[in-house]
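Our numbering applies: residue 440 is where the sequence shown begins, and numbers increase by one. Each residue gets a CB set at the ideal place from its N, CA and C atoms; glycine is no exception. Notes for the one structure printed next.
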Amino acid sequence: MERVKVTPARPPAAPQRPHILEAHGDRRVDSYYWLRDKHNPEVTAYLEAENTYADAVMSDVADLQDRLYREVVGRVQETDYSAPVFYKGWWSYTRTVEGLDYEIYCRRRGSMEAPEEVMLDANELAKGHEYFELGYVERSPNEHLLAYAVDVDGSELHELRFRDLATGLDLDDVINGVYYGAAWAADSRTFFYVRPDSTMRPYQIWRHRLGDATAQDKLVLQEDDERFELNIELSKSERYIFVSSSSQVTSECRFLPSDSPDAEPVLIEPRRPEIEYSVDHQEDRFLILTNDGAINFRLMAAPPASPGRSSWTEVVPERPGVRLNFTDVHRRHVVLGQRSDGLQRLEVLDSSTGRLHVVEQPDSAYTAYPGASPDYESRMMRFFYTSLTAPWSAVDYDMEARTRTIVKEQPVRGGYDRDDYATERLWATSKDGVKVPISLVYRRDLHHEGSPLLLYGYGAYELSNDPMFDSARLSLLDRGFIFAIAHVRGGGEMGREWYENGRLLRKRNTFEDFIACAEHLVAQRYTTPERLAIRGRSAGGLLIGAVLNMRPDLFGCAVA
Numbered sequence: 440m441e442r443v444k445v446t447p448a449r450p451p452a453a454p455q456r457p458h459i460l461e462a463h464g465d466r467r468v469d470s471y472y473w474l475r476d477k478h479n480p481e482v483t484a485y486l487e488a489e490n491t492y493a494d495a496v497m498s499d500v501a502d503l504q505d506r507l508y509r510e511v512v513g514r515v516q517e518t519d520y521s522a523p524v525f526y527k528g529w530w531s532y533t534r535t536v537e538g539l540d541y542e543i544y545c546r547r548r549g550s551m552e553a554p555e556e557v558m559l560d561a562n563e564l565a566k567g568h569e570y571f572e573l574g575y576v577e578r579s580p581n582e583h584l585l586a587y588a589v590d591v592d593g594s595e596l597h598e599l600r601f602r603d604l605a606t607g608l609d610l611d612d613v614i615n616g617v618y619y620g621a622a623w624a625a626d627s628r629t630f631f632y633v634r635p636d637s638t639m640r641p642y643q644i645w646r647h648r649l650g651d652a653t654a655q656d657k658l659v660l661q662e663d664d665e666r667f668e669l670n671i672e673l674s675k676s677e678r679y680i681f682v683s684s685s686s687q688v689t690s691e692c693r694f695l696p697s698d699s700p701d702a703e704p705v706l707i708e709p710r711r712p713e714i715e716y717s718v719d720h721q722e723d724r725f726l727i728l729t730n731d732g733a734i735n736f737r738l739m740a741a742p743p744a745s746p747g748r749s750s751w752t753e754v755v756p757e758r759p760g761v762r763l764n765f766t767d768v769h770r771r772h773v774v775l776g777q778r779s780d781g782l783q784r785l786e787v788l789d790s791s792t793g794r795l796h797v798v799e800q801p802d803s804a805y806t807a808y809p810g811a812s813p814d815y816e817s818r819m820m821r822f823f824y825t826s827l828t829a830p831w832s833a834v835d836y837d838m839e840a841r842t843r844t845i846v847k848e849q850p851v852r853g854g855y856d857r858d859d860y861a862t863e864r865l866w867a868t869s870k871d872g873v874k875v876p877i878s879l880v881y882r883r884d885l886h887h888e889g890s891p892l893l894l895y896g897y898g899a900y901e902l903s904n905d906p907m908f909d910s911a912r913l914s915l916l917d918r919g920f921i922f923a924i925a926h927v928r929g930g931g932e933m934g935r936e937w938y939e940n941g942r943l944l945r946k947r948n949t950f951e952d953f954i955a956c957a958e959h960l961v962a963q964r965y966t967t968p969e970r971l972a973i974r975g976r977s978a979g980g981l982l983i984g985a986v987l988n989m990r991p992d993l994f995g996c997a998v999a
């Protein structure tokens, strides 16, 4: 580990200006409320003073910062391409070019040896704009058109455009003020899009017919409850369009046949507090993933002609310790994304036999998510796989033969060899006796007694900190650091109850879990309090602030 001298500097102090806040009969004083006003010149001056202070403190390690930056950038293969996907006679992929900031969307007819067709070059679209973001790219069912949404000012209000893939030219149709979420109808002429309200809540679904003036677009659905947001998507079978309305813990869905775009969306089951469900289509049934009567979710089925709850029949029951998160539906198989033992796993249901099997993976701690598998008829499933030592790879899995083929692996420049690194899965005991998983990675040749260790945590919104590869992290590991993830309650690693037991009045469990993980790593002599650094971002910043106040003796450094 490199040791550096830090130059003393005097930190700025923000003035305290008491501001009274009242809500629900509660009165509190916020002395730093004035810092919320980003247009206040005093706020700008204070932030500049903080930056000056940071520069002074870090001045002695300026050379190290430059060296680290060069290392991190040097591992990235800038000229690269995604794993090609075959569908409807075309191989599609994106590619990047060194020195260019954005992806190029391409396809080849029939074979990867055929001439390349560039459908969309985001670098060309970004020219002349200080900011650029591509919201979505959706090809029409007949493969003749491309719908794409661009944001050129960071507002997340996109301009929706349509491109003729035969000519490479955009149509006259342009729609402004569009949000994320879209779906083509079967006629490849009707397009559904989403609009947000003034608070950027997606609350309207609109229907546009190509060639018509945007003033003729029809409002399909509006969500007036400010707690709920709308989304829309086309089923993989391309037979149905589903519209979901969701809050944090409640949802409801509607559908319409994709070949009847003028039809009114049909409600499947009215919303009920704290009941969630999502819907997909397979042959003669809808598949419904729900927590109705199952805190960790179960899979149900219903006929499209009678899709309400009274017609639901169970396909996959709730199982202890197994949280079902999502489905990826093929004609003969259903891929279930599930969490068990803190890991994101993939499970395959054979629809004809009802049998389930888990897709086996090579690492003890890993992450696996479905990738682009657009062919509803196929027995092949594309998924992405990674671990703390395994770079991301695209894998094609035969759901009947249970065989796997690595299609592409993320390149890591600089001679990376995963065998030089080791991972572990540990379990710490929290204050109330609950076992909390910890994921670790370090160099295999490290004598890790009392090593510097960076412990990361989040623990909120049922989001999971899955073990994933990060080439930038190698600069820490190669300097003798251990990197660890504390999978604390409040996240989703161990199921819905893991989330419920780390929120609201039980939020303290998140903090106690993190402290227990830190204590366990010290007790097992992986590190010492003086060499233990902790980090959390966004909601993880709350976690870091809390544990610093609860146990200031346990940590040597904190980043939030």
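Can you find a C-beta in chain B that's less than 7 angstroms from the C-beta of residue 764? You won't find chain B in this structure, because it holds only one protein chain.
Using C-beta distances below 6 angstroms, list every residue in its chain close to residue 598, excluding the 5 sequence neighbours before and after it, in chain order. For residue 598, where only same-chain residues beyond five positions count, the Cβ hits under 6 angstroms are 589, 615.
Whole angstroms is fine: what's the gap from residue 698's alpha carbon to residue 848's? Residue 698 and residue 848: Cα-Cα distance of roughly 39 angstroms.
Taking a contact to mean a Cβ-Cβ separation below 7 angstroms, would you say residue 550 touches residue 532 in this structure? Residue 532 sits away from residue 550, with the two beta carbons spaced by 7 angstroms or more.
Starting from residue 963, trace the beta strand (DSSP E) both ways and give me its first and last residue. Counted as a single uninterrupted DSSP element, the stretch harbouring residue 963 is not any beta strand (DSSP E), since DSSP gives it neither H nor E.
Chain-order list of residues whose beta-carbon lies under 8 angstroms from that of residue 920 (same chain, five-residue window excluded): Excluding sequence neighbours, residue 920 sits near 440, 881, 890, 891, 892, 893.
From this set, 822, 841, 730, 904, which residue's C-alpha is nearest residue 833's C-alpha? Checking every option, the nearest Cα to that of residue 833 belongs to 822.
Which residue comes first and which comes last in the alpha helix (DSSP H) that contains residue 490? Segment 480-496, the alpha helix (DSSP H) holding residue 490.
Residue range of the alpha helix (DSSP H) that includes residue 718: Looking at the DSSP string, residue 718 is not in any alpha helix (DSSP H); the run it does join, the beta strand (DSSP E), is 716-721.
Whole angstroms are fine: how far does the CA of residue 897 sit from the CA of residue 935? Cα to Cα, the separation comes out at about 16 angstroms.
Residue 937, enclosing alpha helix (DSSP H) - first and last residue: It spans 935-939 - the alpha helix (DSSP H) in which residue 937 sits, taken as one unbroken run.
Presumed contact (8 angstroms Cβ cut-off) between residue 785 and residue 807, rounded CB distance: With a Cβ gap of about 5 angstroms, residue 785 and residue 807 count as contacting.
Taking just the CA atoms, how far does residue 691 sit from residue 709? Rounded to whole angstroms, residue 709 to residue 691 spans 6 angstroms at the Cα level.
Candidates 755, 828, 787, 677, of which the one nearest residue 581 by Cα: Nearest option by C-alpha distance: 677.
Rounded separation between residue 949 and residue 646 - CA only: Each residue's alpha carbon lies about 44 angstroms from the other.
Any contact between the region 810-828 and the region 755-771? By contact I mean 3 or more CB pairs, one from each, below 8 angstroms. Contact between the region 810-828 and the region 755-771 is present, because at least three Cβ pairs lie under 8 angstroms.
Could you pull out every unbroken beta strand (DSSP E) segment of at least 3 residues lying fully inside the region 863-913, listed in chain order? Those beta strand (DSSP E) runs which fall completely within the region 863-913 and span 3+ residues are 874-882, 892-896.
Residues near residue 753 by beta carbon distance below 7 angstroms, same chain, minus five either side: So the qualifying residues of the chain are 737, 739.
Taking only runs that begin and end inside the region 628-673, name each unbroken beta strand (DSSP E) of 3 or more residues, in chain order. Annotation: the region 628-673 contains the following complete segments of the beta strand (DSSP E) (minimum length 3 residues), in chain order: 629-635, 641-648, 657-661, 668-673.
What is the DSSP secondary structure of residue 500, reduced to helix, strand or coil? It is helical.
Roughly how many angstroms lie between the CA atoms of residue 445 and residue 506, to the nearest whole one? In this predicted model, residue 445 has a pLDDT of only 48, less than 50, meaning its place in the structure is not dependable; the value taken from the coordinates is given anyway. Cα-Cα distance, rounded: 17 angstroms.
Secondary structure at residue 734, three-state DSSP: helix, strand or coil? Residue 734 falls in the coil class under three-state DSSP.
When the Cα of residue 867 is compared with those of 878, 859, 857, 861, which residue comes out closest? Here the closest residue by C-alpha is 878.
Beta bridge counterpart(s) of residue 472 as assigned by DSSP: Residue 472 is not bridged by DSSP to any residue.
Quick one: complete beta strand (DSSP E) runs, 3+ long, within the region 530-614? Taking only runs of at least 3 residues, the beta strand (DSSP E) segments lying wholly in the region 530-614 are 543-548, 556-560, 572-578, 584-590, 597-603.
Can the beta-carbon of residue 600 be found less than 7 angstroms from the beta-carbon of residue 592? Not closer than 7 angstroms, so no.
Excluding the 5 residues preceding and the 5 following residue 657 in the sequence, name in chain order all residues of the same chain whose CB lies nearer than 6 angstroms to its CB. Around residue 657: 646.
Give the DSSP-derived three-state secondary structure of residue 928 in the structure shown. DSSP places residue 928 in strand when its eight states are reduced to three.
Let me confirm a value: residue 558 is counted as buried when at least 16 other C-beta atoms fall within 10 Å, else exposed. Which label applies? Within a 10 Å sphere around the beta-carbon of residue 558 sit 16 or more other beta-carbons, which makes this residue buried.
Roughly how many whole angstroms lie between the Cα atoms of residue 762 and residue 501? Near 46 angstroms, if we compare the C-alpha coordinates of residue 501 and residue 762.
What is the residue span of the beta strand (DSSP E) that residue 528 lies within? Careful: residue 528 lies outside any beta strand (DSSP E) and carries neither H nor E.
Fully enclosed by the region 721-782, which beta strand (DSSP E) runs are 3 residues long or longer? Qualifying beta strand (DSSP E) stretches, in chain order: 724-729, 737-741, 752-755, 762-768, 772-779.
Status (buried if at least 16 other CB within 10 Å, exposed otherwise) for residue 390: As displayed, the chain neither begins before 440 nor continues past 999, which places residue 390 out of reach and without an answer.
Residue interval of the alpha helix (DSSP H) (run including residue 1004): As shown, the chain starts at 440 and ends at 999. That puts residue 1004 outside it, with no answer to give.
Given residue 859 as reference, the closest of 474, 913, 503, 717 once Cα atoms are compared: Minimum Cα distance to residue 859 is reached at 913.
Which listed residue (993, 635, 862, 619) has its alpha carbon closest to that of residue 959: Comparing Cα-Cα distances from residue 959 to each of 993, 635, 862, 619, the minimum goes to 993.
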